[in-house]
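Written below as structure tokens is the structure these notes are about.
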Amino acid sequence: MKIYTKTGDRGTTTLVGGRRVAKHDPRVEAYGAVDELMAQAACLRDGMDGEALEEYKGDLLRVLGDLMTAGSIFATERESAPAVVNTLTGGTAFLEARIDCLQAELPPLRNFTLPGGHPLVSLAHVVRTVCRRAEREATKIDADTDEHWLAVGYLNRLSDYLYVLGRKISREFNIEELVWIPGK
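The opening position of the sequence shown corresponds to residue -13 in my numbering, with each subsequent residue numbered one higher.
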């Protein structure tokens, strides 16, 4: 199979279901943002060296699979939605459990925290902001399927996980979190 088809050379692409749409269609924007999110999450995962971070690498590997499902949901027309296998209910529950577990090991928040302190912490926040953008793009899709809204909810929870992961990485490296104090 050739990697190029030339069918998109005029600015269109095909959704799952066969309909051709412009490459700036909200569905394409949403699954494109999820694709970028996957690449950024893979960079974060690839940067995690050492035994202390191994469990988070496992988390992120699961996230990559769930993001492929979310992107597939966004790329699928309503009429073809049953063709997409939806496993995101379990993915969202997994993220919630992981957030609760990580937060239990962290001091309670008293202020907003700022990105930074270590390259992996900063990268976790980059991934989090790309996730938020993917979520915003997904809300622009005119969709009323349960699968669509499960995917949007998954992205919402994933951004929460990434925030807590950044905090946890700071803790793993004994880095003091950067706290935002208004006016200072």
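Even for Gly, the Cβ is constructed at its ideal location relative to N, Cα and C.
Beta-carbon separation (whole angstroms), residue i vs residue j, contact threshold 8 Å
| i | j | result |
| --- | --- | --- |
| residue 27 | residue 53 | 7 Å |
| residue -4 | residue 127 | Actually they do not touch by this definition, with Cβ atoms about 23 Å apart. |
| residue 99 | residue 166 | 7 Å |
| residue 150 | residue 88 | 5 Å |
| residue 161 | residue 111 | Contact doesn't hold; Cβ gap of about 13 Å is too wide. |
Residue i, enclosing beta strand (DSSP E) - first and last residue
| i | result |
| --- | --- |
| residue 118 | Segment 105 to 124 is the alpha helix (DSSP H) holding residue 118; no beta strand (DSSP E) there. |
For residue j and residue i, the rounded distance between their alpha carbons
| i | j | result |
| --- | --- | --- |
| residue 146 | residue 86 | 11 Å |
| residue 211 | residue 114 | Because the chain spans -13 through 170 in this model, residue 211 falls outside it and cannot be assessed. |
| residue 102 | residue -13 | 44 Å |
| residue 163 | residue 95 | 11 Å |
| residue 44 | residue 124 | 26 Å |
| residue 33 | residue 3 | 37 Å |
| residue -8 | residue 58 | 21 Å |
Per DSSP, cross-strand counterpart(s) of residue i
| i | result |
| --- | --- |
| residue 6 | 0 |
| residue 62 | 2 |
| residue 165 | 99 |
Contact test: residue i Cβ vs the ligand GDP heavy atom, cutoff 7 Å
| i | result |
| --- | --- |
| residue 134 | The ligand GDP is not part of this structure, which contains no ligands at all. |
Boundaries (first-last residue) of the alpha helix (DSSP H) holding residue i
| i | result |
| --- | --- |
| residue 83 | 74 to 90 |
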